[in-house]
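Visitor:
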Amino acid sequence: MVRHGVSCIALAVLLMGCVKAAPLTSMDVLAPLSMPYNPELRPWTVNMPLDDPEVSPGADAGPDKPTQVHLSIAGTNALYVMWATGVGVTGNGTLERNELTESIVHYGTSAGNLDLTANGTAEVYDQIYTSSVPGANVTNALNYTSPVLHTVQLNNLKPNTTYYYQVGDGATMSETFNFRSLAAPGSQAYPQRIAFLADWGYSYNSSSTLDHVIESLSNTANPPAIFYIADFCYADTWLANGTATATATQSADGFEGPQSDTWQPVWDAWMRFIEPLVSKVPMIGGTGNHEIEQQYNSNGNYTIFASVQARWHVPKDSGSYFYHSENFGPVHSIFLSNYYDYTPGSAQWTWLWQDLHNVNRTATPWVFVSFHNPWYTTDSSFKQFEQMRVSLEPITYQYGVDAFFYGHVHSYERTAPMYNYLVDPCGAVHLTIGDAGNSEGLSGLTGPDAYPYTEPYYATNNGGCPNVTSNTRPNWLKSTPGNTTDHFSWYKQVLTFQGNGNSTGPAGKYPSGFCWEGQPIWSQYRESSFGHGTLDIMNTTHALWQWHRNQDSNDVIADEIYLIRNTSQCPQKLGAAAYTSGLAADVNLGTTPLNIQSAGR
Numbered sequence: 001m002v003r004h005g006v007s008c009i010a011l012a013v014l015l016m017g018c019v020k021a022a023p024l025t026s027m028d029v030l031a032p033l034s035m036p037y038n039p040e041l042r043p044w045t046v047n048m049p050l051d052d053p054e055v056s057p058g059a060d061a062g063p064d065k066p067t068q069v070h071l072s073i074a075g076t077n078a079l080y081v082m083w084a085t086g087v088g089v090t091g092n093g094t095l096e097r098n099e100l101t102e103s104i105v106h107y108g109t110s111a112g113n114l115d116l117t118a119n120g121t122a123e124v125y126d127q128i129y130t131s132s133v134p135g136a137n138v139t140n141a142l143n144y145t146s147p148v149l150h151t152v153q154l155n156n157l158k159p160n161t162t163y164y165y166q167v168g169d170g171a172t173m174s175e176t177f178n179f180r181s182l183a184a185p186g187s188q189a190y191p192q193r194i195a196f197l198a199d200w201g202y203s204y205n206s207s208s209t210l211d212h213v214i215e216s217l218s219n220t221a222n223p224p225a226i227f228y229i230a231d232f233c234y235a236d237t238w239l240a241n242g243t244a245t246a247t248a249t250q251s252a253d254g255f256e257g258p259q260s261d262t263w264q265p266v267w268d269a270w271m272r273f274i275e276p277l278v279s280k281v282p283m284i285g286g287t288g289n290h291e292i293e294q295q296y297n298s299n300g301n302y303t304i305f306a307s308v309q310a311r312w313h314v315p316k317d318s319g320s321y322f323y324h325s326e327n328f329g330p331v332h333s334i335f336l337s338n339y340y341d342y343t344p345g346s347a348q349w350t351w352l353w354q355d356l357h358n359v360n361r362t363a364t365p366w367v368f369v370s371f372h373n374p375w376y377t378t379d380s381s382f383k384q385f386e387q388m389r390v391s392l393e394p395i396t397y398q399y400g401v402d403a404f405f406y407g408h409v410h411s412y413e414r415t416a417p418m419y420n421y422l423v424d425p426c427g428a429v430h431l432t433i434g435d436a437g438n439s440e441g442l443s444g445l446t447g448p449d450a451y452p453y454t455e456p457y458y459a460t461n462n463g464g465c466p467n468v469t470s471n472t473r474p475n476w477l478k479s480t481p482g483n484t485t486d487h488f489s490w491y492k493q494v495l496t497f498q499g500n501g502n503s504t505g506p507a508g509k510y511p512s513g514f515c516w517e518g519q520p521i522w523s524q525y526r527e528s529s530f531g532h533g534t535l536d537i538m539n540t541t542h543a544l545w546q547w548h549r550n551q552d553s554n555d556v557i558a559d560e561i562y563l564i565r566n567t568s569q570c571p572q573k574l575g576a577a578a579y580t581s582g583l584a585a586d587v588n589l590g591t592t593p594l595n596i597q598s599a600g601r
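For the sequence shown, position 113 (counting from the first letter as 1) is numbered 113 according to full-length UniProt numbering, and the numbering increases by one without interruption.
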């Protein structure tokens with residue numbers, strides 16, 4: 001397989017006969033590959049200053065000047081246009097909110113004639129603390145009230161059309177931006193390119209990723225889109241008392257998670273930072289642990305996910321903010337949440353079943369599912385959401401989901417098509433892409449080695465599984481939250497232990513158990529580097545996945561593979577009409593052999 005020095009884009013490979021070895025397909029299962037860690041190519045990363053001239057509001061930033069302009073998918077042939085006016089305010093006690101203003105977009109198909117107008121809504125949100133942040137040892141935490149956040153929905157857009165637009169209140173308008181509207185569902189607009197990112201953050205490595213993604217999405221044959229698999233700006237890794245802004249060049253020692261502090265001005269800087277990309281290309285995303293940003297409310301309870309819901313909108317007529325789907329071109333995209341009830345019979349579980357059952361795979365043959373925490377990973381998040389996988393994976397397998405996309409793990413990993421920990425020709429390929437540049441660094445990096453990615457540590461620590469015999473857990477896992485006398489109370493609901501610490505695997509199948517002392521066969525490629533992924537859907541059966549590393553020029557492909565939809569042998573990929581409806585359907589699954597090789601690449 002050619003992994004380096006590729007200089008031909010996917011379309012040229014198919015149509016122009018560029019001379020290079022053809023990429024592997026998802027039917028080719030080789031010996032697992034872990035790229036060696038090179039600290040010189042993967043430096044520890046630090047945050048950029050919040051007052052960097054490229055992301056600061058600017059001296060002319062009056063209360064009505066639009067900034068943070070960005071696009072998201074609102075539905076079929078519809079986009080959200082979102083932006084901010086005014087500036088966020090921090091301080092003690094009650095803060096004066098920015099006054100709401102009009103939300104207006106002038107747009108049209110000619111830069112000199114913005115003859116269409118749409119109106120929308122405006123809102124302001126607060127991040128309010130008591131005098132301290134629970135668990136984070138922060139005193140004098142500063143409250144925050146946001147800029148005015150505007151949202152306008154543009155409906156009935158002509159597919160695959162360049163639009164020009166300005167945003168503002170009608171009196172003060174922005175510069176003129178432009179975007180290309182997405183292809184209509186069922187239009188078979190090939191190739192369709194999608195960029196995939198997660199765990200981006202606001203570091204110097206994040207800046208390199210931004211440059212690479214802008215290049216990847218320039219001059220595409222059809223309008224591209226961005227799928228963002230959560231953990232946006234990492235505001236919750238900054239201290240809530242404002243001390244992080246004093247140095248502004250490194251991440252503060254924040255306390256992420258449900259009891260985190262957070263410095264909301266990071267959101268404002270980050271939104272300005274990514275504006276050159278997302279003002280032109282729509283980005284749809286989900287929710288991760290760094291968006292929780294817990295705060296007490298007036299009822300004595302907690303408010304969570306306040307900032308991300310105010311700043312990034314999702315289609316209102318699909319599921320909820322935390323689970324939703326979109327259709328464009330040949331794609332049916334589903335976003336789920338690890339942080340919303342996913343147990344059998346829950347609202348998210350029921351919605352997923354209904355959504356997959358209703359997919360028209362003639363119009364949108366490719367079905368992708370994205371959420372933040374991986375079901376399959378060989379890193380320290382191994383089996384972190386096993387309950388979710390057990391609950392939802394049977395539904396996704398029955399309805400023939402083609403690929404899953406994850407973040408959370410700060411590295412890249414690609415699996416073979418698989419189901420229930422076994423390589424399966426009708427299963428989905430799982431891609432972890434949480435390597436966009438965040439300041440926490442790459443997964444497992446605490447010294448010269450990325451130890452979850454080296455075999456000695458992998459064997460010593462049971463490959464990510466707790467060891468019942470010695471009552472220890474892998475040393476890169478966090479301590480058990482809460483006061484409990486049972487080290488493994490939070491694991492017991494997801495693992496059934498054997499005497500050696502391994503969980504019980506399917507009888508008679510390989511490998512024998514769900515926990516391994518080495519890289520399992522289903523983990524085909526993994527590497528601890530910053531980067532991003534692109535997917536070019538070429539037709540109804542082939543889609544070219546490519547992973548780009550930040551340390552390379554963008555025409556270098558570190559990993560690539562064709563995803564294959566084999567509908568003749570995997571009839572569930574034809575949609576619900578291909579077999580008896582309902583979860584109890586007895587699907588005659590295909591038996592297409594995979595080309596499994598024990599050694600060599």
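Each residue gets a CB set at the ideal place from its N, CA and C atoms; glycine is no exception.
1. Would you call the region 274-283 and the region 208-224 in contact, with 3 or more CB pairs under 8 angstroms?
2. Please go through the same chain and pick out, in chain order, the residues whose beta-carbon is closer than 7 angstroms to the beta-carbon of A78, but skip the five residues on each side of it.
3. Near N297, what residues of its chain come up, given a Cβ to Cβ distance below 7 angstroms and the 5 sequence neighbours on each side ignored?
4. Sort out for me which residues DSSP pairs P366 with in a bridge.
5. Nearest-angstrom Cα distance between Q127 and Y376?
6. What is the DSSP secondary structure of L422, reduced to helix, strand or coil?
7. Considering Cα atoms alone, identify which of N178, N160, A111 and V105 is closest to G170.
8. What do you get for T162, buried or exposed, if any count of 16 or more other CB atoms within 10 angstroms of its CB means buried?
9. Determine the direct distance from the alpha carbon of P425 to that of P57, and round the result to whole angstroms.
10. Please check the pair A436 and H548, which I expect to be a contact at CB under 8 angstroms, by giving their CB distance rounded to whole angstroms.
11. In terms of DSSP beta bridges, what is L197 paired with?
12. What residue range is occupied by the uninterrupted alpha helix (DSSP H) comprising L392?
13. Going by beta carbon distance, what residues of the same chain come within less than 7 angstroms of P276, once the five residues before and after it are set aside?
14. When we look at the beta-carbon of K316 and count the other beta-carbons within 10 Å, is it buried (16 or more) or exposed?
15. Where does D52 fall in DSSP's three states?
16. Taking just the CA atoms, how far does L336 sit from T172?
17. Which residue's Cα is closest to the Cα of Q188: N539, N550 and V124?
18. State the Cα-Cα distance for the pair T45 and Y202, rounded to the nearest angstrom.
19. Alpha carbon to alpha carbon, what distance is there between A195 and G400?
20. Looking only at C-alpha atoms, which of W545, N241, F382 and Q569 sits nearest to A22?
21. Is E96 buried or exposed, if buried means 16 or more other CB atoms sit within 10 Å of its CB?
22. Quick one: what's L109 bridged to in DSSP?
23. My output table needs one value for H212: the three-state DSSP class, helix, strand or coil.
24. Please say whether P185 and T362 have beta carbons closer to each other than 8 angstroms?
25. Given a cut-off of 8 angstroms, decide if A141 and Y129 are closer than it, judged by their beta-carbon atoms.
26. At the level of alpha carbons, what is the spacing between F179 and Q309?
27. What are the boundary residues of the beta strand (DSSP E) that V89 is part of?
28. Near H332, which residues of its chain fall below 6 angstroms by C-beta distance, leaving aside the five closest residues on each side in sequence?
29. Ordered along the chain, which non-local residues of its own chain (more than five positions away) have a Cβ less than 8 angstroms from that of L574?
30. Between the alpha carbons of I292 and F385, how many angstroms are there, rounded?
31. How would you call N113, buried or exposed, if buried means at least 16 neighbouring beta carbons within 10 angstroms?
32. So, under 8 angstroms CB-CB, A543 and L563 are touching, yes? Tell me the CB distance rounded to an integer number of Å.
33. So, at 6 angstroms on beta carbons, what are the nonlocal neighbours of Y419 in its own chain, with the 5 sequence-adjacent residues on each side left out?
34. Let me check one thing: in DSSP terms, what residues is Q519 bridge-paired to?
35. Report the option in V278, W270 and A416 whose CA atom is closest to the CA atom of P49.
36. Would the region 68-75 and the region 230-241 be scored as touching if the rule is three or more Cβ pairs under 8 angstroms?
Guide: Here's the rundown:
1. These segments touch.
2. Q153, L154, N155 and L157
3. Contacts found: T303.
4. Checking the displayed sequence, the identity of residue 366 turns out to be Trp instead of Pro. Its beta-bridge partners are V331.
5. 34 angstroms
6. strand
7. V105
8. exposed
9. Cα to Cα, the separation comes out at about 51 angstroms.
10. Actually they do not touch by this definition, with Cβ atoms about 11 angstroms apart.
11. Y228
12. E386 to Q398
13. Hits under 7 angstroms: I214.
14. Classification of K316: exposed, given that the 10 Å Cβ count is below 16.
15. coil
16. Our two residues, T172 and L336, have alpha carbons roughly 38 angstroms apart in a direct line.
17. Relative to Q188, the option among N539, N550 and V124 whose CA is nearest is N539.
18. 10 angstroms
19. 22 angstroms
20. W545
21. It is exposed - the Cβ of E96 has fewer than 16 other Cβ atoms within 10 Å.
22. Going by the sequence as given, residue 109 is Thr instead of Leu. Note: T109 sits in no beta bridge, so no partner.
23. helix
24. no
25. Taking a C-beta distance under 8 angstroms as the contact criterion, Y129 and A141 qualify as a contact pair.
26. 23 angstroms
27. V89 to G91
28. V359, T364 and V367.
29. R361, G400 and T567
30. Cα to Cα, I292 sits roughly 17 angstroms from F385.
31. exposed
32. 4 angstroms
33. Shown here for Y419: same chain residues with a beta carbon closer than 6 angstroms to its own, the five before and five after excluded, namely Y397 and G427 in chain order.
34. Beta-bridge pairing by DSSP links Q519 to no other residue.
35. W270
36. no
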